[in-house]
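K.L.:
Chains as they are written, first to last, in the working numbering: chain W, 1397 to 1625; chain Z, 1397 to 1625. All residues carry an ideal CB built from backbone N, CA and C; glycine is no exception.
Protein chains: 2
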Amino acid sequence: MLRLYDLAGAEDERRFSPYCWRIRMALAHKGLPVETIAWRFTDKSAIAPSGQGRVPVLVDGKQWLHESWDIACYLEDRHPEGPSLFGGPQGRALSRLYSHLGDWINGQLVRLLVCDIHDHLDERDRAYFRESREQRFGAPLEVIAADRESRLPAIRDSLAPLRATLQHQPFFGGTEPLYADYAIFGAFQWARAISPLAILASDDPLAHWRERLLDAHGGLARSSPGYDR
Amino acid sequence: MLRLYDLAGAEDERRFSPYCWRIRMALAHKGLPVETIAWRFTDKSAIAPSGQGRVPVLVDGKQWLHESWDIACYLEDRHPEGPSLFGGPQGRALSRLYSHLGDWINGQLVRLLVCDIHDHLDERDRAYFRESREQRFGAPLEVIAADRESRLPAIRDSLAPLRATLQHQPFFGGTEPLYADYAIFGAFQWARAISPLAILASDDPLAHWRERLLDAHGGLARSSPGYDR
């Protein structure tokens, strides 16, 4: 049985890492059962065998894997019989940009969400999170997230190429989702898990696409605690 | 023989449409010979059989095709025996975002390049171009392009996901370019054709990728008049 260390908030069930969600969706896509383990930022020792300190970490027998892109490639290569995550070698190459676009969206959203994240963390993680993020961004969490509604329009504008694509097809992967979809979806599932802020307008084609992915794989993502708007 | 109506400046040889360059590269990728016809903005009657007024317009026998994405799909379906532009059906779906990303980059760059474009146009196109663009942007060309160097850093920053991808692989399509590459490359080949402005820093991985595409297909893009930096 595969095991996935999966970032959790104060409640074990509130799973909110955008990178872990990529892998949760990829595992479901492949039809691979997994035991997820609620993990907190300060549980570094639990994942020490992976050689680093961040999740997702996937354990397959004696193998410890990390980095969402590398885990996705591992799953594709180890289980070629399941539905493909990429649609062939060129599809894999074309998917890598989506992974970096997802990272970029995460980087835009984190400045809006830092206080929400903090408020949903387990007590033992709060000081670590505040200190590390305030150092990274050079300001108190409350300043980083201040006046966030005024920054939403620019973020929504920056998603225009994604939006335009979804006016032609239901998923980035075409008629069915691929890893490319999960790489972007992670950002929105993260926001949904910890914030009441409406990142997307309800009539945005990206919001409709997000709904389709919330329903995918038996409603895996929708069944996780979050703010539905 | 295929014929392509291809946007030209005052000199017949200065071909500068980012959308036409997508198709020039796609035709070369497929190994399809083409006769290109220097076309100007105001030559609407020449392409009237396409049912609209913009290039690229490709003529294949009695068929008149327009819209770069639709032309690329036509070439792939009509010539399945040549090297694929997409890498299969999922690759085609995944490529569509690249087309919209290319459009988005064009939209960023046009505000920097409008005066350069104007200055390279044939006399008969200048008034049309000035009037239509000043109406679109609500300002004189010289105001749209003013202080453009100060806007370059933000544009370069916005290309971060593309840059990060090319730190892992030589082309968006992997080890060889695909249509996804040409969709983005068109923006840079357009800028190269009409402006001395260095859109990319010389040590940018995107600049190295651009060099590889200038060399691709026998140096097709490099042999076209432009500003090499």
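Among the candidates Z:Tyr1623, Z:Leu1555, Z:Glu1527, Z:Ala1560, whose CA atom is the shortest distance from the CA of Trp1586 (chain Z)?
P.N.:
Z:Tyr1623
K.L.:
Pick from W:Gly1484, W:Leu1593, W:Asp1518, W:Arg1588: whose alpha carbon is nearest that of Ser1619 (chain W)?
P.N.:
For the options W:Gly1484, W:Leu1593, W:Asp1518, W:Arg1588, the alpha carbon positioned closest to that of Ser1619 (chain W) is the one of W:Arg1588.
K.L.:
Using a threshold of 9 Å, state whether the C-beta atoms of Arg1399 (chain W) and Leu1481 (chain W) are closer than that.
P.N.:
no
K.L.:
Kindly list the residues whose CB is nearer than 8 Å to the CB of Asp1402 (chain W), restricted to its own chain and excluding five residues on each side of it in sequence; keep chain order.
P.N.:
Arg1411, Ser1413, Cys1416, Arg1420, Thr1432, Ile1433, Ala1434, Trp1435, Val1451, Pro1452
K.L.:
Determine the DSSP secondary structure at Arg1399 (chain W), reduced to helix, strand or coil.
P.N.:
It is a strand residue.
K.L.:
Looking only at its chain, what residues have a beta carbon closer than 8 Å to the beta carbon of Phe1525 (chain W), apart from the 5 residues adjacent to it on each side?
P.N.:
Phe1437, Ile1513, His1514, Leu1517
K.L.:
Identify, in the order they occur along the chain, each residue of the same chain with its Cβ nearer than 6 Å to the Cβ of Phe1533 (chain W), setting aside the five sequence neighbours on each side.
P.N.:
Residues Ile1540 of the same chain have their beta carbon placed closer than 6 Å to that of Phe1533 (chain W), with the five preceding and five following residues left out of the count.
K.L.:
Determine the DSSP secondary structure at Asp1514 (chain Z), reduced to helix, strand or coil.
P.N.:
In the sequence as displayed, the identity of residue 1514 (chain Z) is His instead of Asp. Helix.
K.L.:
Cβ closer than 9 Å: which chain Z residues qualify as neighbours of Gln1448 (chain W)?
P.N.:
Listed along chain Z, no residue sits closer than 9 Å to Gln1448 (chain W) by beta-carbon distance, the nearest being about 18 Å off.
K.L.:
Let me see if you follow: with CB-CB separation under 9 Å, is Asp1499 (chain Z) close to chain W or not?
P.N.:
yes
K.L.:
So, with DSSP's three-state summary, where would you put Arg1564 (chain W)?
P.N.:
The sequence shown places His at residue 1564 (chain W), rather than the Arg named in the question. Coil.
K.L.:
Under the DSSP definition of a beta bridge, which residues are partnered with Arg1450 (chain W)?
P.N.:
Answer by DSSP bridge pairing: none, since Arg1450 (chain W) is not bridged.
K.L.:
Whose C-beta lies closer than 7 Å to the C-beta of Arg1547 (chain W) among residues of the same chain, with five residues either side of it excluded?
P.N.:
Beyond the five residues adjoining it in sequence on each side, Arg1547 (chain W) comes within less than 7 Å, by CB distance, of Leu1508 in the same chain, given in chain order.
K.L.:
For Leu1471 (chain Z) and Trp1465 (chain Z), I'd like the C-alpha separation in whole angstroms.
P.N.:
10 Å
K.L.:
How is the beta strand (DSSP E) around His1462 (chain W) delimited, first residue to last?
P.N.:
1459-1462
K.L.:
Could you tell me which chain W residues have their CB closer than 9 Å to the CB of Gly1614 (chain Z), listed as they occur along the chain?
P.N.:
Within 9 Å Cβ-Cβ: nothing; Gly1614 (chain Z) doesn't reach chain W, min ~22 Å.
K.L.:
Since Asp1577 (chain W) contacts Phe1567 (chain W) with CB under 8 Å, what's their CB separation in whole angstroms?
P.N.:
5 Å
K.L.:
Hey, Arg1418 (chain Z) and Ala1579 (chain Z): beta-carbon distance below 9 Å or not?
P.N.:
yes
K.L.:
Mind checking which residues open and close the beta strand (DSSP E) that includes Glu1431 (chain Z)?
P.N.:
Glu1431 (chain Z) -> beta strand (DSSP E) spans 1430-1435.
K.L.:
Since Pro1621 (chain Z) and Glu1477 (chain Z) are thought to touch, with beta carbons under 8 Å apart, how far apart are those beta carbons, to the nearest angstrom?
P.N.:
Not quite, the Cβ-Cβ distance comes to about 33 Å (not below 8 Å), so this is no contact.
K.L.:
Could you pull out every unbroken alpha helix (DSSP H) segment of at least 4 residues lying fully inside the segment 1571-1611 of chain W, listed in chain order?
P.N.:
1575-1590
K.L.:
For a test of the three-state rule: what should DSSP assign to Arg1410 (chain Z), helix, strand or coil?
P.N.:
coil
K.L.:
Closer than 9 Å, CB to CB, is Phe1482 (chain Z) near chain W or not?
P.N.:
yes
K.L.:
Taking only runs of the beta strand (DSSP E) that begin and end inside the segment 1455-1512 of chain W, which ones reach a length of at least 3 residues, in chain order?
P.N.:
With a minimum length of 3 residues, the continuous beta strand (DSSP E) runs that stay inside the segment 1455-1512 of chain W are 1459-1462.
K.L.:
Which two residues bound the contiguous alpha helix (DSSP H) that contains Pro1549 (chain Z)?
P.N.:
1548-1554
K.L.:
In three-state terms, what does DSSP make of Ala1535 (chain W)?
P.N.:
coil
K.L.:
Could you tell me which chain W residues have their CB closer than 9 Å to the CB of Gly1569 (chain Z), listed as they occur along the chain?
P.N.:
Neighbours of Gly1569 (chain Z) on chain W, chain order: Gln1486, Ala1489, Leu1490.
K.L.:
What residues in its chain sit with their C-beta under 7 Å from that of Leu1602 (chain Z), if we drop five residues either side in the sequence?
P.N.:
Counting only Cβ-Cβ distances below 7 Å, and skipping sequence neighbours, we find Leu1555, Leu1558, Arg1559, Leu1562, Leu1596.
K.L.:
Looking at chain W, which residues of the segment 1574-1605 of chain Z have a Cβ within less than 9 Å of any of its Cβ atoms?
P.N.:
Leu1574, Ala1576
K.L.:
Just mark Pro1445 (chain W) as buried or exposed, buried being the case when its beta carbon has 16 or more other beta carbons within 10 Å.
P.N.:
exposed
K.L.:
Which of the residues in the segment 1542-1566 of chain Z, read from start to end, lie with their CB under 8 Å from any CB of chain W?
P.N.:
So the close ones are Ser1554, Ala1556, Pro1557, Leu1558, Ala1560, Thr1561, His1564, Gln1565.
K.L.:
Does DSSP put Ala1404 (chain W) in a helix, a strand or coil?
P.N.:
The three-state reading of DSSP puts Ala1404 (chain W) in strand, counting E and B together.
K.L.:
Please list the partners that His1496 (chain Z) has in chain W, where partner means a Cβ-to-Cβ separation under 7 Å.
P.N.:
Those within 7 Å of His1496 (chain Z) in chain W are Pro1557, Ala1560, Thr1561.
K.L.:
What's the gap between the Cα of Gln1565 (chain W) and the Cα of Ala1612 (chain W)?
P.N.:
16 Å
K.L.:
Within this structure, are the beta carbons of Gly1570 (chain Z) and Leu1490 (chain W) separated by less than 9 Å?
P.N.:
yes
K.L.:
Closest Cβ-Cβ distance between Leu1493 (chain W) and chain Z: below 9 Å?
P.N.:
yes
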